[in-house]
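Below: the structure, in structure tokens.
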Amino acid sequence: MFYRWDDFKSKIKSLRSLKTRIFILVLLVGLIPSYCMQYGILQNYEDRAISVRTSEVQAQLKILANHLITYNYLQDTSSPVINAELEQLSNLYGGRVLIISGNLKVVKDTYGISEGKTIISEEVVKCFRGESMSNYDADLGYIEMTIPISEKAALPSAEAGTEEVKEVVRGVMLIGVSCDTIHKTMDILSNKANILLLIMLLIILGFALLLANFMVNPLNKVTLAINEVSEGFSDKAINVPDYAETVHIIDAFNKLLGRMKVLDDSRQEFVSNVSHELKTPITSMKVLADSLLAQGDVPVELYREFMEDIAKEIDRENKIITDLLSLVKMDKKVTDMNITEVSMNELTEVILKRLRPIARKRDIEVTFESIRPVKATVDEVKISLVISNLVENAVKYNKENGWVKVVLDADHQFFTLAVSDSGIGIPQEEIDHIYERFYRVDKSHSREIGGTGLGLAITRSAVLMHRGSIRVESTLGEGTTFMVKIPLTYKG
Ligand code: ADP
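This note's numbering numbers the first residue of the sequence shown as 1 and each following residue consecutively.
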């Protein structure tokens, strides 16, 4: 039972192959009409042969019927001429002839079995009324027919004293004609047709096989080409122009390949950037340490100064690693979101309180304008990163005595956070790149003030994870405004 089920399943599976389907389809399209044609031609031949035979025999019998009247055979069956004619007829058509007289008596049977018997059959009675019939019995293989034996006679008409000439049926001939010869011809024809069908089957089989292979070949080429690319990960675009469909598949695949290449390139660039960024503080530390070691008598003050520099580099390394970890967290799945209801006003206040001392060092005034109380369901840690990164940047890239303004507002769907500053601004051509990882407009200046180039990348990821948007407007030398828009309710 299990074997059979598995067998059936594997058969169904092979039916799913396009090649098998094309093969079966071509086979059916070729064979069904051939078989129908064979059947139709043979059937047509049989019908035609039977009708030719029937009319041939009928013509002969009509002549014979006239002879029967002429020789008065219904009364006297001794006529040797008629008997010879009857004999010849029954031999010629391999059949039996019965001659029935007016009182339904069989006066002559070429088989000599029924002579003298009375025959009461519907066909004979009908024939006496002038309705002759012919009937082909396909099972027994013979044609049965009745022919009236009639003569013209003057009969009294309806009008008194007059006579009219009418056909009067004196007897009936009942004949059974064998169709053996027709069947023999049919057998021969049918054998020949079967042989032809077999030859056609072989030709169609070969054709179906060739066509199925030919039609499926381009698809195999596509699979082969894709396999070659995936095995060797060659970035060469592939090309199978056989069908419009294969061109579409290949186009889609080449697009995917292009995207994978972009991802691979950006991954490689990221790794090399990370290595470079992590190496820079280490190199500085190594230079500082080496120069201390190279000198013999180093005053304690110099040691202190160098050690302070080394500590700064360690802090920097630490910040880069912390930022990288935040970025990796942002890249994780949406399920890592820790969504709670947060008062955005309070959260912003807390963050600004933490950042104000740093701003104060450069005499930068940080103000907060809360248009209305805003409660939103967000991931508090991630949104904190957004606010602190934007405000930190606004302070970092500001001028002495400058200002930073944070405005919080909301409508029924979103809350908006605008962080404006009176800082150095961003050149227009750089604006598209500032969200890229490790991208800094002025690399040396940014490093000097402790930038890692990851802050805005983290900010943007956090905003996108909340299905929000971030926009920037900036005028060089005058200041920058970042605008963040996030749905009040997190929708996953
Ligand atoms: P960084 O750690 O260097 O600040 P970010 O990703 O936070 O990196 O920012 C990328 C770059 O965008 C910065 O190096 C800086 O040149 C520019 N930038 C970001 N915010 C501001 C701003 N408020 N004013 C001027 N330039 C900015």
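Every residue gets a Cβ at the ideal spot worked out from N, C-alpha and C, and that includes glycine.
beta-carbon residue i near the ligand ADP non-hydrogen atom, thresh 6 Å
{"i": "G402", "result": "no"}
First through last residue of the alpha helix (DSSP H) which encompasses residue i
{"i": "M285", "result": "A244 to A294"}
{"i": "K117", "result": "No alpha helix (DSSP H) holds K117; DSSP gives it neither H nor E."}
{"i": "I498", "result": "Residue 498 is absent from the structure shown; the chain starts at 1 and stops at 492."}
{"i": "D180", "result": "D180 to G232"}
{"i": "P357", "result": "M344 to K361"}
{"i": "S384", "result": "E380 to K396"}
{"i": "I310", "result": "V300 to D331"}
{"i": "R447", "result": "K443 to E448"}
Residue nearest to residue i in terms of C-alpha spacing, selected from the options
{"i": "K255", "options": "Q268, I226, F270 and S272", "result": "I226"}
{"i": "P427", "options": "S420, F415, L417 and R440", "result": "R440"}
{"i": "L288", "options": "E313, S114, P357 and P148", "result": "E313"}
{"i": "V366", "options": "F23, A138 and R356", "result": "R356"}
{"i": "E380", "options": "V342, Q413 and V222", "result": "V342"}
{"i": "K221", "options": "L202, N389, G40 and I250", "result": "I250"}
{"i": "K399", "options": "A359, L61, I470 and M285", "result": "A359"}
{"i": "F270", "options": "I238, K405, A457 and K382", "result": "A457"}
{"i": "V374", "options": "Q413, N44 and A394", "result": "Q413"}
{"i": "G450", "options": "R372, S420, I424 and E392", "result": "E392"}
{"i": "S150", "options": "P156, L64, M37 and P218", "result": "L64"}
{"i": "G102", "options": "T185, S291, V169 and T70", "result": "V169"}
{"i": "T110", "options": "I120, L302, S134 and T77", "result": "T77"}
{"i": "L42", "options": "D7, K184 and S79", "result": "K184"}
{"i": "A49", "options": "V463, V472, T181 and A252", "result": "T181"}
{"i": "L292", "options": "L278, I310, K279 and T280", "result": "I310"}
{"i": "L325", "options": "L408, G455, V298 and Q295", "result": "G455"}
{"i": "N401", "options": "L202, G423, I383 and V407", "result": "G423"}
{"i": "C179", "options": "R304, D47, D290 and I120", "result": "D47"}
{"i": "M344", "options": "E131, N91, V328 and S388", "result": "S388"}
{"i": "E122", "options": "T20, I113, S134 and G116", "result": "S134"}
{"i": "I24", "options": "V484, A376 and A208", "result": "A208"}
{"i": "I339", "options": "V328, C127 and K382", "result": "K382"}
{"i": "M483", "options": "E228, D409 and D442", "result": "D409"}
{"i": "E448", "options": "K11, K152 and P281", "result": "P281"}
Range of the contiguous beta strand (DSSP E) that encloses residue i
{"i": "I461", "result": "One detail in the question is off: residue 461 reads as Ser in this sequence, not Ile. First-last for S461: G455 to M465, but that is the alpha helix (DSSP H), not the beta strand (DSSP E)."}
{"i": "I99", "result": "R96 to S101"}
{"i": "N135", "result": "M133 to D137"}
{"i": "P156", "result": "Y142 to P156"}
{"i": "P487", "result": "G479 to P487"}
{"i": "A84", "result": "Taken as a continuous stretch (DSSP letters only), A84 belongs to no beta strand (DSSP E), being part of the alpha helix (DSSP H) at P80 to L92."}
{"i": "T475", "result": "S469 to T475"}
{"i": "E436", "result": "Where E436 is concerned, there is no enclosing beta strand (DSSP E), given that its DSSP letter is neither H nor E."}
{"i": "A418", "result": "F414 to D421"}
{"i": "V366", "result": "E365 to S370"}
{"i": "D109", "result": "V106 to D109"}
{"i": "V407", "result": "W403 to A410"}
Minimum Cβ-Cβ distance from residue i to chain D less than 7 Å
{"i": "R48", "result": "Among the chains of the structure shown, chain D does not appear; only one protein chain is present."}
> Among all residues, which have a Cβ less than 5 Å from at least one non-hydrogen atom of the ligand ADP, and in what chain order do they fall?
Replying inline: N393, A394, Y397, G423, I426, I434, R440, V441, S446, G451, T452, G453, G455, L456 and T480
>> Whether or not the segment 266–280 and the segment 432–439 are in contact is what I'm after, with contact meaning three or more pairs of Cβ atoms, one per stretch, closer than 8 Å; do they touch?
In response: yes
> Is there contact between the segment 476–489 and the segment 345–364, where contact requires at least three CB pairs shorter than 8 Å?
Replying inline: no
>> Tell me whether the segment 32–39 and the segment 209–229 touch, counting them as touching only if at least three CB pairs, one residue from each stretch, are closer than 8 Å.
In response: no
> Do the segment 56–76 and the segment 237–244 touch if we need at least three Cβ pairs shorter than 8 Å?
Replying inline: no
>> Quick test of the definition: if touching needs 3 or more C-beta pairs under 8 Å, does the segment 93–104 touch the segment 159–178?
In response: yes
> Does the segment 281–299 touch the segment 313–323, meaning 3 or more C-beta pairs lie closer than 8 Å?
Replying inline: yes
>> For the pair the segment 190–199 and the segment 143–150, tell me if three or more CB-CB distances fall below 8 Å.
In response: no
>> Whether or not the segment 104–121 and the segment 178–193 are in contact is what I'm after, with contact meaning three or more pairs of Cβ atoms, one per stretch, closer than 8 Å; do they touch?
In response: no
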